[in-house]
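Here the protein sequences come in this chain order: A and B.
To convert, note that position 84 of the first sequence is 84 in UniProt numbering; the numbers rise steadily by one, no gaps.
To convert, note that position 12 of the second sequence is 12 in UniProt numbering; the numbers rise steadily by one, no gaps.
Accompanying notes for the structure given below.
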Amino acid sequence: MKELLSGNEAIARGAYEAGLHVATAYPGTPSTEILENISKYKEIYCEWSTNEKVALEVAGGASFAGARVLTAMKHVGLNVAADPLFSLSYIGATGGFVIVSADDPGMHSSQNEQDNRQYGRSAKIPVLEPSDSQEAKDFVGIALDISEKYDTPVLLRITTRLAHSKSRVKLKDRVEVPLKEYVKDFKKRVILPANARVRHVDVEKRLRDLKEFSEHFEFNRIEEGTGDFALIASGVSYQYAKESFPDAPILKISMSYPLPENMIREFTSKYKKIYVVEENDPFIENQIKAMGIDNIHGKDTIPQIGELNQYIVKKSILNEENDEHFSVDTNIPPRPPALCPGCPHTSIFHTLHKYKYIVTGDIGCYTLGALPPLNAMDTCVDMGASITNGFGMEIALSKQNDERKVVSVIGDSTFFHSGITGLIDMIYNNAKGTVIILDNRITAMTGHQDNPGTGKTLMGDDAPIIDIEALVKSMGIKHVYKIDNYNLKETEEVIKREVERDELSVIIATRPCALLKSNPKIATYEVAPDKCIGCKLCIGLGCPAISFVDNKSIIEPTLCFGCSVCAQVCPTNAITIKGE
Amino acid sequence: MAVKSILLCGVGGQGILLASDIISDVLMVNNFDVKKSEVHGMSQRGGAVVSTVRFGDKVYSPITGIGDVDYILAFERLEALRNLDKLKKDGIILVNDYRINPLPVATAVMEYPDNILETIKKTVPNVVTINAFDMAKGLGNIKVMNTIMIGRLAKTIDLPKEIWLQVIKRRVPAKAIDINIKAFEKAYNL
Ligand SMILES: Cc1ncc(C[n+]2csc(CCOP(=O)(O)OP(=O)(O)O)c2C)c(N)n1
Ligand code: SF4
Ligand code: SF4
Numbered sequence: 001m002k003e004l005l006s007g008n009e010a011i012a013r014g015a016y017e018a019g020l021h022v023a024t025a026y027p028g029t030p031s032t033e034i035l036e037n038i039s040k041y042k043e044i045y046c047e048w049s050t051n052e053k054v055a056l057e058v059a060g061g062a063s064f065a066g067a068r069v070l071t072a073m074k075h076v077g078l079n080v081a082a083d084p085l086f087s088l089s090y091i092g093a094t095g096g097f098v099i100v101s102a103d104d105p106g107m108h109s110s111q112n113e114q115d116n117r118q119y120g121r122s123a124k125i126p127v128l129e130p131s132d133s134q135e136a137k138d139f140v141g142i143a144l145d146i147s148e149k150y151d152t153p154v155l156l157r158i159t160t161r162l163a164h165s166k167s168r169v170k171l172k173d174r175v176e177v178p179l180k181e182y183v184k185d186f187k188k189r190v191i192l193p194a195n196a197r198v199r200h201v202d203v204e205k206r207l208r209d210l211k212e213f214s215e216h217f218e219f220n221r222i223e224e225g226t227g228d229f230a231l232i233a234s235g236v237s238y239q240y241a242k243e244s245f246p247d248a249p250i251l252k253i254s255m256s257y258p259l260p261e262n263m264i265r266e267f268t269s270k271y272k273k274i275y276v277v278e279e280n281d282p283f284i285e286n287q288i289k290a291m292g293i294d295n296i297h298g299k300d301t302i303p304q305i306g307e308l309n310q311y312i313v314k315k316s317i318l319n320e321e322n323d324e325h326f327s328v329d330t331n332i333p334p335r336p337p338a339l340c341p342g343c344p345h346t347s348i349f350h351t352l353h354k355y356k357y358i359v360t361g362d363i364g365c366y367t368l369g370a371l372p373p374l375n376a377m378d379t380c381v382d383m384g385a386s387i388t389n390g391f392g393m394e395i396a397l398s399k400q401n402d403e404r405k406v407v408s409v410i411g412d413s414t415f416f417h418s419g420i421t422g423l424i425d426m427i428y429n430n431a432k433g434t435v436i437i438l439d440n441r442i443t444a445m446t447g448h449q450d451n452p453g454t455g456k457t458l459m460g461d462d463a464p465i466i467d468i469e470a471l472v473k474s475m476g477i478k479h480v481y482k483i484d485n486y487n488l489k490e491t492e493e494v495i496k497r498e499v500e501r502d503e504l505s506v507i508i509a510t511r512p513c514a515l516l517k518s519n520p521k522i523a524t525y526e527v528a529p530d531k532c533i534g535c536k537l538c539i540g541l542g543c544p545a546i547s548f549v550d551n552k553s554i555i556e557p558t559l560c561f562g563c564s565v566c567a568q569v570c571p572t573n574a575i576t577i578k579g580e
Numbered sequence: 001m002a003v004k005s006i007l008l009c010g011v012g013g014q015g016i017l018l019a020s021d022i023i024s025d026v027l028m029v030n031n032f033d034v035k036k037s038e039v040h041g042m043s044q045r046g047g048a049v050v051s052t053v054r055f056g057d058k059v060y061s062p063i064t065g066i067g068d069v070d071y072i073l074a075f076e077r078l079e080a081l082r083n084l085d086k087l088k089k090d091g092i093i094l095v096n097d098y099r100i101n102p103l104p105v106a107t108a109v110m111e112y113p114d115n116i117l118e119t120i121k122k123t124v125p126n127v128v129t130i131n132a133f134d135m136a137k138g139l140g141n142i143k144v145m146n147t148i149m150i151g152r153l154a155k156t157i158d159l160p161k162e163i164w165l166q167v168i169k170r171r172v173p174a175k176a177i178d179i180n181i182k183a184f185e186k187a188y189n190l
């Protein structure tokens with residue numbers, strides 16, 4: 001039977017069919033749906049881990065003890081998990097061990113375009129690149145087999161386009177694979193220098209063996225063809241290459257590290273000109289050039305920046321334009337994402353904007369507080385950096401007697417992920433700043449996943465709720481205050497007071513995300529047109545329920561959540577609950 | 001059959017991804033090779049949403065581009081305008097006569113273009129407009145706007161009607177089957 005599955009759904013299915021026992025992940029677009037779908041299979045233990053390093057280590061431990069494991073993350077997640085990645089490469093795999101890295105060419109929802117195939121090469125582990133959902137599914141089982149046979153973690157590298165596009169997949173039944181008995185192996189798993197030196201020799205031999213495997217791997221294949229040039233392509237770029245030049249000879253690379261060198265030598269010797277079609281870095285191209293092969297083109301012709309598609313590939317290689325299309329001469333306003341009506345983050349950024357504090361931000365829905373009309377964020381770097389960047393700025397500002405105040409703003413999931421260690425640094429080093437934790441009780445940005453503060457696990461079990469207030473108090477912070485985001489007066493007073501205070505304080509903003517099912521609409525507000533003076537103060541909140549039409553604000557009743565914040569900023573009390 | 005493509009566009013929350021799933025399933029049941037793609041990272045936050053479906057005997061790439069789409073199904077006027085350049089010269093665009101203000105318009109920083117439908121009709125030969133909002137409201141649930149759009153597309157694409165009905169029944173929540181079937185029929189019989 002065939003089903004239409006996304007790449008992520010297919011990976012989950014592949015894990016199920018291949019007898020996977022344990023799956024771990026921290027959410028991150030475009031990888032999130034892998035674990036969400038795995039959680040439907042009761043045979044597999046799965047969890048939302050606190051962060052990607054934790055996810056990789058839990059998976060590593062389960063592999064030590066004989067389970068087949070998969071861990072999934074967005075590309076930047078592997079930066080967080082890079083430390084165990086390199087050690088686990090030396091240690092190898094007992095139960096099959098797959099690491100899925102979901103890269104994001106085109107940066108649909110990320111901060112950079114890093115190419116994680118480079119991690120495979122640096123960590124000396126094999127890299128597989130599926131080109132559609134069928135391969136995404138099948139490669140999970142293949143990766144687990146390779147992992148067990150060659151004693152190595154395997155990197156399954158996908159991209160946004162593969163993760164989020166659907167194609168036909170033939171399903172199979174699950175094959176149960178028994179867990180392997182745990183046997184202590186000091187020389188392998190205790191990565192002391194003396195042991196690691198021996199393991200490094202094994203790792204280099206493993207790479208040579210894997211190269212041999214790559215030569216005969218059936219998914220590295222030559223498709224004969226005709227024409228003036230030939231193509232080499234991997235991942236979803238293979239589809240773009242085929243779509244552009246269906247008749248050209250093509251070498252489809254499915255294992256991009258280590259490469260099948262002999263196969264490549266043979267293929268490239270037959271044609272005058274060969275184009276390597278791959279997204280992001282010239283990863284395959286440079287390896288081929290390092291073999292001394294020089295009839296290769298790649299990034300000199302096809303862009304390195306952004307996502308590819310069949311049009312770009314064709315245009316780059318043929319150097320021709322074909323862009324006949326309709327066009328209209330109208331200024332089309334953009335439609336950027338916005339904080340939801342009733343979003344608890346709104347009043348916080350409204351306040352931070354009002355007092356013109358320096359705000360070090362972090363990653364989540366609340367990053368939208370950086371955009372107009374709130375404009376209340378100075379920095380956003382990586383998960384957890386709001387706290388540490390804020391502390392760094394505090395140090396540098398105080399050295400030049402700059403009195404400006406810095407406020408760090410971080411979400412609950414991000415705080416658990418990597419805010420806690422930064423806060424400990426602030427406490428330890430006598431910091432004086434202010435940290436606001438936006439405890440909306442969910443990991444919202446990535447589509448509402450549970451986290452250590454929500455009381456539920458990915459498997460649907462009840463879980464203890466980490467009490468953020470008790471946690472930060474127990475670390476020794478004297479000034480810890482909870483605020484209700486919908487009480488604007490209290491929010492402003494507490495933030496102002498704590499920012500002025502010459503000691504470290506933590507403010508926990510407690511309203512849950514307005515999209516949670518457990519959090520129904522409160523009321524519907526309306527604007528009395530005769531009282532509205534057109535001052536636009538409510539418009540400054542950026543609530544999508546409020547529009548400014550004919551010099552008056554109006555509220556769309558179906559969108560209003562009833563948070564009351566607009567009513568609280570209105571200077572003429574023109575906004576009230578409908579019908580009151 | 002040579003590959004054809006459908007592009008659905010609109011605003012987060014309009015049910016576009018479910019609609020493109022239904023269309024893809026229908027095509028698959030009709031024995032086409034199908035690839036569907038979507039960009040939905042920000043859909044929850046009211047951003048623009050685009051989903052594309054390509055079908056034929058053999059489909060390689062899941063995405064479409066400028067001047068290469070056979071059918072555009074636009075759930076909102078401004079998004080119709082934004083995606084107009086994707087339409088083939090002989091392609092058909094179905095536009096829902098419905099407006100959702102983007103944030104720069106709501107905050108009075110920019111203006112929502114006037115007369116979008118007239119502009120599109122002046123530019124493109126094959127335009128079908130539909131008032132899915134009023135039709136959905138008439139049925140008592142504005143959420144079925146997406147099924148109305150599907151029904152209008154089904155009238156345009158020559159595929160057996162039973163398959164559309166069968167897939168809709170399978171895809172929508174059990175308690176919403178009746179109203180979705182009514183919505184489909186209403187648009188199919190326009
Ligand atoms: C290292 C890393 N992992 C994952 C992500 C993806 N990501 C972006 S925001 C976010 C969740 C933020 O949740 P929270 O801090 O609770 O804020 P909310 O969205 O709920 O406001 C995640 C997981 C990322 N950007 N970087
Ligand atoms: S999903 Fe929740 S946290 Fe995110 S913008 Fe909407 S209300 Fe705010
Ligand atoms: S009360 Fe005001 S700010 Fe809150 S959701 Fe309704 S319109 Fe938006």
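Quick reminder that beta carbons are idealized off the backbone N, C-alpha and C, glycines included.
Looking only at A:Asn440, A:Pro333, A:Lys170, the smallest Cα-Cα distance to Ile410 of chain A is reached by A:Asn440. Fewer than three pairs of CB atoms, one per stretch, sit closer than 8 Å, so the stretch 51-58 of chain A makes no contact with the stretch 108-117 of chain A. Chain A places no beta carbon closer than 9 Å to that of Arg152 of chain B, leaving this residue out of the contacts.
Under the Cβ criterion of 9 Å, Val328 of chain A is counted among the residues facing chain B.
Secondary structure within the stretch 275-326 of chain A: the alpha helix (DSSP H) runs of 4 or more consecutive residues, fully enclosed, are 283-290, 310-318 (chain order).
Distance check between Gly562 of chain A and each of A:Ile358, A:Leu88, A:Tyr525, A:Ile317 places A:Tyr525 closest, using alpha-carbon atoms only. Between Leu153 of chain B and Ile6 of chain B, the CB-CB gap stays under 9 Å. Of all alpha-carbon atoms in A:Thr558, A:Val80, A:Leu20, A:Val328, the one lying nearest the alpha-carbon of Gly28 of chain A is that of A:Val80. Asp323, Glu324, His325, Phe326, Ser327, Val328, Thr330, Asn331, Ile332, Pro333, Pro334, Arg335, Pro336, Pro337, Ala338, Leu339, Cys340: these are the residues of the stretch 323-348 of chain A whose beta carbon lies less than 8 Å from some beta carbon of chain B, given in chain order. By the CB criterion at 9 Å, Ile34 of chain A and Ala25 of chain A fall inside the cutoff. Using beta-carbon distances, Ile6 of chain B does not count as an interface residue toward chain A, since no partner is under 9 Å. Ranked by how close their Cα comes to the Cα of Tyr355 of chain A, the residues A:Glu500, A:Ile477, A:Glu266, A:His297 have A:Glu500 in first place.
Taking all protein chains in view, the Cβ of Thr159 of chain A is crowded by 16 or more other Cβ atoms within 10 Å, so the residue is classified as buried. In this structure Leu423 of chain A is in contact with Ile387 of chain A, their Cβ atoms being roughly 6 Å apart against a cut-off of 8 Å. Boundaries cannot be given for Val190 of chain A, as no beta strand (DSSP E) includes it and DSSP labels it neither H nor E. Contact annotation: the stretch 436-456 of chain A touches the stretch 493-513 of chain A, with at least three C-beta pairs closer than 8 Å. In the three-state reduction of the DSSP assignment, Gln400 of chain A falls in the coil class, being assigned neither a helical nor a strand state. Secondary structure of Gln118 of chain A (DSSP, three-state): helix. Bounds of the alpha helix (DSSP H) holding Val29 of chain B are 16-29. Taken in chain order, the complete alpha helix (DSSP H) segments of 4 or more residues contained in the stretch 359-406 of chain A are 385-399. Look at the stretch 76-98 of chain B: the residues with a C-beta under 8 Å from a C-beta of chain A are Leu78, Glu79, Leu81, Arg82, Leu84, Asp85, Lys86, Leu87, Lys89.
Residue environment analysis places Phe75 of chain B among the buried positions, since at least 16 neighbouring C-beta atoms fall within 10 angstroms of its C-beta. Taken from the Cβ of Pro341 of chain A, at least one heavy atom of ligand 3 lies inside 8 Å. For Thr491 of chain A and His479 of chain A, the gap between their C-alpha atoms comes out near 15 Å. The stretch 533-546 of chain A makes contact with the stretch 333-347 of chain A; the number of CB pairs closer than 8 Å reaches 3 or more. Setting aside the 5 residues that flank it on each side, Pro153 of chain A is surrounded in the same chain by Leu88, Ser89, Ala93, Phe97, Ile99, Ile125, Ser147, each with a C-beta closer than 7 Å to its C-beta; the list follows chain order. Linking His325 of chain A to Pro336 of chain A through their CA atoms gives a straight-line distance of about 25 Å. Looking at the backbone, the Cα of Val29 of chain B and that of Arg199 of chain A are separated by about 53 Å. Within the model, the alpha-carbon separation for Gly120 of chain A versus Ala18 of chain A is close to 22 Å. Spatial neighbours of Pro303 of chain A in its own chain (CB-CB distance under 8 Å, excluding positions within 5 residues in sequence) are listed in chain order as Ile312, Ser316. Residue burial is scored here from C-beta neighbours: Ile363 of chain A has at least 16 other C-beta atoms within 10 angstroms and is therefore classed as buried. Residue burial is scored here from C-beta neighbours: Met377 of chain A has at least 16 other C-beta atoms within 10 angstroms and is therefore classed as buried. For the stretch 118-136 of chain B, the set of positions with a beta-carbon nearer than 7 Å to some beta-carbon of chain A reads Thr119, Thr123, Val124 in chain order. Taking 4 residues as the minimum length, the alpha helix (DSSP H) runs contained wholly in the stretch 212-256 of chain A are 237-244, in order along the chain.
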